[in-house]
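4 is the number of the first residue of the sequence shown in the UniProt record's numbering; add one for each residue after it.
First up is the structure itself, then whatever we jot down about it.
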Amino acid sequence: TKIAVFVSGGGTNLQALIDAEKRGEIPSGEIALVLASNDSAYALTRAEENGIKSVVIKRKGFPSQEAYEEEMKNVLDENGINMIVLAGFMSLLSEKFTALYPKRIVNIHPSLIPSFCGKGFYGLHVHEAALGYGVKVTGATVHYVNEIPDGGEIILQKAVEILEGDTPEVLQKRVMEEAEWVLLPKAVEMVACKLQKGN
Ligand code: GRF
């Protein structure tokens with residue numbers, strides 16, 4: 004399974020995938036392309052350092068969402084990509100695009116869905132909301148991507164304890180270390196393996 008990882012920021016989840024692949028933990032997949040929504044994403048440096056091809060496609064560079072997504076589709080086809088991982092990708096994808104890849108796009112979200120997800124829940128906002136509500140357990144979810152934001156079928160989840168005195172930043176870090184970086188490689192291998200077997 005040839006995988007493209009879509010990124011917009013630091014790319015620590017991309018790094019977790021690269022490291023897992025190097026350890027032989029993603030035998031059914033190959034990270035073949037990194038697609039960034041902006042050229043300042045540190046994830047691009049991570050791709051370069053690891054010899055992974057990368058491309059920047061900016062929404063602003065296109066007159067419409069349709070033209071933007073057509074370009075993405077062309078690049079994915081040119082590179083023989085058949086699975087997409089959204090790892091901190093901040094640009095929206097239309098139903099038209101997600102429908103091209105049914106059960107072939109996965110996303111990592113830093114909460115236990117259906118809590119603290121959907122519109123407006125991204126980045127630190129998710130952890131601010133969890134702390135604001137006063138939940139004692141949060142976590143991360145890997146799910147398939149469909150037209151509903153954070154609404155696709157859940158693949159894996161992992162819980163993380165909230166501790167007294169947590170700030171959004173501290174909690175974000177713990178959720179990444181204890182859940183996201185562990186969960187994403189596992190889920191990617193599960194989906195890549197299914198796709199390889201052809202179901
Ligand atoms: C992660 O918290 C991920 O769950 C969310 O965006 C963040 C991306 O971080 N969707 P990174 O770019 O992988 O470091």
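Glycine included, each C-beta is placed from N, C-alpha and C at the ideal position.
This one's a predicted model, so the numbers in the text were calculated from it and none came from an experiment.
Discussion item. I'd like the ranges of any beta strand (DSSP E) spanning at least 3 consecutive residues and lying wholly in the stretch 140-197.
Written reply: Listed in chain order, the complete beta strand (DSSP E) runs (minimum 3 residues) inside the stretch 140-197 are 140-147, 157-164.
Discussion item. Less than 7 Å separating the Cβ of residue 17 from some heavy atom of ligand 1?
Written reply: Looking up residue 17 in the sequence shown gives position 14. With a threshold of 7 Å, the Cβ atom of residue 17 counts as near ligand 1, since some heavy atom of the ligand is closer than that.
Fill in: Given residue 145 as reference, the closest of 187, 29, 131 once Cα atoms are compared
For this step, residue 145 is matched to residue 142 along the sequence shown. Measuring from the Cα of residue 145, the nearest candidate turns out to be 187.
Worksheet item: With which residues is residue 6 paired in a DSSP beta bridge?
Response: Position 3 of the sequence shown, counted from the first residue, corresponds to residue 6. Within the DSSP secondary-structure output, residue 6 pairs in a beta bridge with 34, 86.
Item to complete: Report the option in 54, 85, 13 whose CA atom is closest to the CA atom of residue 201.
Response: Here residue 201 refers to the residue found at position 198 of the sequence shown. Residue 85 is the option with its Cα nearest to residue 201.
Discussion item. Mapping the DSSP letters down to three states, classify residue 138 as helix, strand or coil.
Written reply: Translated into positions along the sequence shown, residue 138 becomes position 135. In the three-state reduction of the DSSP assignment, residue 138 falls in the coil class.
Worksheet entry | Per-residue burial, residue 195 [other beta carbons within 10 Å of its own, 16 or more giving buried] | As a first step, residue 195 must be located in the sequence shown, where it is residue number 192. So residue 195 ends up on the buried side.
Practice prompt. Answer yes or no: the CB of residue 183 versus the heavy atoms of ligand 1, is any distance below 7 Å?
Written response: By 1-based counting over the sequence shown, the position of residue 183 is 180. Yes - ligand 1 has a heavy atom lying nearer than 7 Å to the Cβ of residue 183.
Worksheet item: Which one of 14, 4, 59 has the shortest CA to CA distance from residue 111?
Response: As a working mapping, residue 111 is identified with position 108 in the sequence shown. The shortest C-alpha separation from residue 111 is found at 14.
Practice prompt. Tell me, please, whether the stretch 91-100 touches the stretch 128-142 by the rule of three or more beta-carbon pairs shorter than 8 Å.
Written response: Contact fails: fewer than three Cβ-Cβ distances are below 8 Å.
Worksheet item: In terms of residues, what are the limits of the alpha helix (DSSP H) holding residue 21?
Response: Position 18 of the sequence shown, counted from the first residue, corresponds to residue 21. Per DSSP, residue 21 belongs to the alpha helix (DSSP H) from 15-25.
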